[in-house]
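**Q** Chains as they are written, first to last, in my numbering: chain D, 1 to 364; chain L, 1001 to 1364.
Ideal Cβ positions, reconstructed from N, Cα and C, are used throughout, including at glycine.
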């Protein structure tokens, strides 16, 4: 047996997902001594821990980080710092920051691999997407982002496997937002009549299923970002998440109200619109759902409300689950379907940890 | 850019899956010049192609193989031959042979990686399972077998990711046989009354959904093998596919009739038994399905008939699709579900090709 190899880990972000990832990383390092994982940098938006010899005492990491007097390094300085590490480095970006995403090409071109749930890098401009994968191809550094769609569900890896083995994806369709899933499964259930739209939105917010301002879920942009990622992986060079039709569920009149609270207060005025949509579906024995779809033949990507038969898997979804259906040449008329929780700290961190394992397995 | 690396590929088996794999391999080699894939051995049960310089002219491979006057090498000789290759080797076992499976430890211990849809190696004796993974760990050779459960569906990779990232699997449940899926979706559909049992078995055979002798599907052993593999991956050291309860759907009186045809001819005599089972479920507003399940807490693995609510995803399955539900600590009450075609040459070969890509990505 040769001595254990050493791999350095740098982490940006220690919020909900970041904390879950840290505890998964600690357990992983305890279970698998090879390669030896050494944390050499960790930061929040305000604080950082790092030092010249690239080792941190991890005994009380989060406390030490909170107590740190160091500000995070500027991104170009992090690139420099990590490039000087005595062995290979994996950067774990547990933020949703566009700035961090924009610097991926700089990290990758210096041979630093990246694993992340951050959607911004892969759903921003198509130029950034190209720069990221060109930098990785040139340096041999790896970049994995399973949790950028459906959290820990094997969505991205499955799509990549389909494409890489030569299958032809014809259509991708699904419910890509835990918030939207919860809202419509309650508002327009397969059995029973469901609640009023504004009441369901209020309930979802109280249960912590929405962003602090629910409009950040209802504008559809989160789903559009996920669709952008999947469309690009399937081979459509989608320019940006705003370059295709995305239906917003925010009434025009409430787009510019100053706060989420005011939005929620005035939302009941618009319940009749959503009720009409629900009834229109009901009259066809269907239910309404907020879905995203990619049609590869027509190159049409869209996000918005659609009607589904009550027996359709998308209609039968439960709780805040996601469902993603891949229609391909090989799978024929019955799609390959993946379903389950698509949000939450632990399952999102799991996708990141699993990506880290893939990167480690390819480090010689 | 350095010169393309070279990896040698040896293939045993050129039947339904083997032929699909060959065409996927050819397309793969054309798309990805690095590493350069060189076929150095291919055999059926009767014929083989190989030569001293480890290259085959692949221009008309299947014709050349059919015309070959060489018999396949005995397995120990194949190990020797491949060990002498001037670069790394991946063995693709596209058979369902127990003999080939039994020699995996010999291949692996010589550094030869293996990708295969062959269930026999992973669902045979627990000793063979241990020998296989010990040999791989010692030599660093890789062994992947995604298509041994659910064909190309990402079942094994998902279970491994759950376990490797530290999730706790509590239960696995599903429909693991395309034949059983088709039979019960037709015999006891969610809507309508379905056909007679013997008529459905006959129809399934005519459509090519059963083995030549349908008893090879109805005895439940195929499902038991798949459960054995998943249970072991989840951490239960199951001794063999016959070491837990497996319900056979072959009436005792027909176990020893001499042919599949005679079996099908006499099966109508036993329709009333299956009709009773269907009615018992119907009286509870349920449908009957042939499922396998693994309960990690009680360590109970079983295969047989169970009743499900009509709205349950297992009840709502279509055609000959498989469905696999992973219940875990992280995913809570709503399982992670994977669904789709679990049999067929192209999708089975896809799992093998995808495994090959994983092995190649780890070859430095």
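For residue 220 of chain D, name the three-state secondary structure that DSSP assigns.
**A** What you label residue 220 of chain D is simply residue 220 of the first chain in a count that begins at 1. Reduced to three states, the DSSP call for residue 220 of chain D is coil.
**Q** Give me the Cα-Cα distance between residue 111 of chain D and residue 78 of chain D, rounded to the nearest whole angstrom.
**A** Mapped onto the first chain, residue 111 of chain D falls at position 111. Mapped onto the first chain, residue 78 of chain D falls at position 78. Computed Cα separation, rounded: 13 Å.
**Q** Using a C-beta cutoff of 8 Å, does residue 216 of chain D count as contacting chain L?
**A** Along the first chain, one-based indexing puts residue 216 of chain D at 216. For residue 216 of chain D, the closest Cβ of chain L is not nearer than 8 Å.
**Q** Under 8 Å between the Cβ atoms of residue 301 of chain D and residue 227 of chain D?
**A** On the first chain, position 301 is the one that residue 301 of chain D refers to. On the first chain, position 227 is the one that residue 227 of chain D refers to. Result yes, Cβ atoms of residue 301 of chain D and residue 227 of chain D sit closer than 8 Å.
**Q** Since I believe residue 1006 of chain L is in contact with residue 1038 of chain L (beta carbons under 8 Å), could you give me their beta-carbon distance rounded to a whole number of angstroms?
**A** The residue given as residue 1038 of chain L occupies position 38 in the second chain. The residue given as residue 1006 of chain L occupies position 6 in the second chain. About 6 Å separates the beta carbons of residue 1038 of chain L and residue 1006 of chain L, which is inside the 8 Å limit, making them a contact pair.
**Q** Hey, does residue 1353 of chain L have any beta-carbon neighbour from chain D nearer than 8 Å?
**A** What you label residue 1353 of chain L is simply residue 353 of the second chain in a count that begins at 1. Interface residue, yes.
**Q** Name the chain D residues whose beta carbon is nearer than 7 Å to that of residue 1350 of chain L?
**A** Counted from its first residue, the second chain places residue 1350 of chain L at position 350. Those are 165, 167 and 330, listed as they occur along chain D.
**Q** Give the interface partners of residue 24 of chain D over in chain L, defined as CB-CB distance under 8 Å, in chain order.
**A** In the first chain, residue 24 of chain D corresponds to position 24, counting from 1. Those are 1165 and 1166, listed as they occur along chain L.
**Q** On the premise that residue 223 of chain D lies in contact with residue 315 of chain D, defined as a C-beta separation below 8 Å, what is that separation, rounded to the nearest angstrom?
**A** As a position in the first chain, residue 315 of chain D is number 315, starting the count at 1. As a position in the first chain, residue 223 of chain D is number 223, starting the count at 1. Not confirmed; about 18 Å, so no contact.
**Q** Starting from residue 24 of chain D, trace the alpha helix (DSSP H) in both directions and tell me its first and last residue.
**A** Reading the first chain from its first residue, position 24 is the one you call residue 24 of chain D. Note, residue 24 of chain D: alpha helix (DSSP H), 16-31.
**Q** Which residue comes first and which comes last in the beta strand (DSSP E) that contains residue 131 of chain D?
**A** As a position in the first chain, residue 131 of chain D is number 131, starting the count at 1. Unbroken run through residue 131 of chain D is the alpha helix (DSSP H), 126-139; no beta strand (DSSP E).
**Q** Residue 1187 of chain L lies in the alpha helix (DSSP H); which residues open and close that run?
**A** Residue 1187 of chain L sits at position 187 when you count from the first residue of the second chain. 1178-1187 is the span of the alpha helix (DSSP H), which, as asked, contains residue 1187 of chain L.
**Q** Using a Cβ-Cβ distance cut-off of 8 Å, determine whether residue 1357 of chain L contacts chain D.
**A** By 1-based counting over the second chain, the position of residue 1357 of chain L is 357. Yes, residue 1357 of chain L lies at the interface with chain D (some Cβ there is under 8 Å from its Cβ).
**Q** Considering only residues of the stretch 1142-1212 of chain L, which uninterrupted alpha helix (DSSP H) runs meet the minimum length of 4 residues and lie entirely inside it, listed in chain order?
**A** 1156-1164, 1178-1187 and 1197-1206
**Q** Given that a residue counts as buried once 16 or more other Cβ atoms are within 10 Å of its Cβ, and exposed if not, what is residue 1031 of chain L?
**A** In the second chain, the residue the question calls residue 1031 of chain L occupies position 31. Exposed.
**Q** Between which two residues does the alpha helix (DSSP H) holding residue 1266 of chain L run?
**A** Here residue 1266 of chain L is taken as the residue at index 266 of the second chain, counted from 1. Looking at the DSSP string, the run of the alpha helix (DSSP H) that includes residue 1266 of chain L is 1260-1266.
**Q** How is the beta strand (DSSP E) around residue 306 of chain D delimited, first residue to last?
**A** Taking the first residue of the first chain as 1, we reach residue 306 of chain D at position 306. Taken as a continuous stretch (DSSP letters only), the beta strand (DSSP E) holding residue 306 of chain D covers 300-309.
**Q** Whole-angstrom Cβ separation of residue 1014 of chain L and residue 1025 of chain L, contact assumed at under 8 Å?
**A** Your numbering for residue 1014 of chain L matches position 14 in the second chain. Your numbering for residue 1025 of chain L matches position 25 in the second chain. Their Cβ separation, rounded to whole angstroms, is 12 Å, which puts residue 1014 of chain L and residue 1025 of chain L out of contact at 8 Å.
**Q** Is the separation between the beta-carbon of residue 35 of chain D and that of residue 1158 of chain L shorter than 8 Å?
**A** As a first step, residue 35 of chain D must be located in the first chain, where it is residue number 35. As a first step, residue 1158 of chain L must be located in the second chain, where it is residue number 158. No. Outside cutoff.
**Q** Taking 7 Å as the cut-off, is the C-beta of residue 191 of chain D nearer than that to any heavy atom in the ligand FMN?
**A** Among the components of this structure there are no ligands whatsoever, and the ligand FMN is therefore not found.
**Q** I want to know whether the stretch 1203-1214 of chain L touches the stretch 1172-1184 of chain L - three or more CB-CB distances under 8 Å.
**A** yes
**Q** Taking Cβ to Cβ, would you say residue 1117 of chain L is nearer than 8 Å to residue 1351 of chain L?
**A** Position 117 of the second chain, counted from the start, is the residue given in the question as residue 1117 of chain L. Position 351 of the second chain, counted from the start, is the residue given in the question as residue 1351 of chain L. Closer than 8 Å, so yes.
**Q** Would you identify the three-state DSSP class for residue 1283 of chain L, choosing helix, strand or coil?
**A** Reading the second chain from its first residue, position 283 is the one you call residue 1283 of chain L. In the structure shown, residue 1283 of chain L sits in a helix (DSSP, three-state: H, G or I).
**Q** Pull up the CB-CB distance for residue 101 of chain D and residue 121 of chain D, whole angstroms please, since I reckon it's below 8 Å.
**A** Here residue 101 of chain D refers to the residue found at position 101 when the first chain is read from its first residue. Here residue 121 of chain D refers to the residue found at position 121 when the first chain is read from its first residue. With 8 Å as the limit, residue 101 of chain D and residue 121 of chain D qualify as a contact, their Cβ atoms being about 4 Å apart.
**Q** In chain D, what lies closer than 7 Å to residue 1346 of chain L by C-beta?
**A** One-based indexing of the second chain puts residue 1346 of chain L at position 346. Within 7 Å Cβ-Cβ: 330.
**Q** With distances taken between CB atoms, is the gap from residue 141 of chain D to residue 103 of chain D smaller than 8 Å?
**A** Counted from its first residue, the first chain places residue 141 of chain D at position 141. Counted from its first residue, the first chain places residue 103 of chain D at position 103. Result no, Cβ atoms of residue 141 of chain D and residue 103 of chain D do not sit closer than 8 Å.
**Q** Is the stretch 1346-1361 of chain L in contact with the stretch 1320-1335 of chain L, if contact means three or more CB pairs nearer than 8 Å?
**A** Because the criterion of three Cβ pairs below 8 Å is not met, the stretch 1346-1361 of chain L and the stretch 1320-1335 of chain L do not touch.
**Q** Quick check: the stretch 272-289 of chain D against the stretch 307-324 of chain D, are there 3 or more CB pairs under 8 Å?
**A** Contact between the stretch 272-289 of chain D and the stretch 307-324 of chain D is present: three or more C-beta pairs spanning the two stretches fall below 8 Å.
**Q** Residues of the stretch 21-52 of chain D with a CB closer than 7 Å to any CB of chain L: list them in chain order, please.
**A** Within the stretch 21-52 of chain D, 24, 27 and 28 place their CB atoms closer than 7 Å to a CB of chain L, listed in sequence order.
**Q** If you compare alpha carbons, which of L/1167, L/1090 and L/1298 is closest to residue 1143 of chain L?
**A** Here residue 1143 of chain L refers to the residue found at position 143 of the second chain. Residue L/1090 is the option with its Cα nearest to residue 1143 of chain L.
**Q** Tell me the DSSP secondary structure of residue 1011 of chain L in three-state form.
**A** Translated into the one-based positions of the second chain, residue 1011 of chain L becomes position 11. Correct three-state label for residue 1011 of chain L: strand.
**Q** Using C-beta distances below 7 Å, list every residue in its chain close to residue 1360 of chain L, excluding the 5 sequence neighbours before and after it, in chain order.
**A** By 1-based counting over the second chain, the position of residue 1360 of chain L is 360. Around residue 1360 of chain L, the same chain offers 1007 and 1035 as residues with beta carbons nearer than 7 Å, after the five sequence neighbours per side are excluded.
**Q** Does DSSP put residue 317 of chain D in a helix, in a strand, or in coil?
**A** Locating residue 317 of chain D in the first chain gives position 317, where the first residue counts as 1. Residue 317 of chain D: coil per DSSP, three-state reduction.
**Q** Within the same chain, show all residues whose beta-carbon is closer than 8 Å to that of residue 1 of chain D, passing over the 5 residues directly before and after it, in chain order.
**A** Along the first chain, one-based indexing puts residue 1 of chain D at 1. Because the pLDDT at residue 1 of chain D is just 42, under 50, the model does not fix this residue reliably, and the value given afterwards should be weighed accordingly. Same-chain partners within the cutoff: there are none.
**Q** Using a C-beta to C-beta distance shorter than 9 Å, which residues of chain D count as neighbours of residue 1105 of chain L?
**A** Working through the second chain from its first residue, we reach residue 1105 of chain L at position 105. Here the premise fails: no neighbours, minimum Cβ distance about 20 Å.
**Q** Spatial neighbours of residue 1132 of chain L within its chain, please: C-beta separation below 8 Å, excluding the five flanking residues on both sides.
**A** Here residue 1132 of chain L refers to the residue found at position 132 of the second chain. 1104, 1105, 1108, 1121, 1122 and 1143, listed in sequence order.
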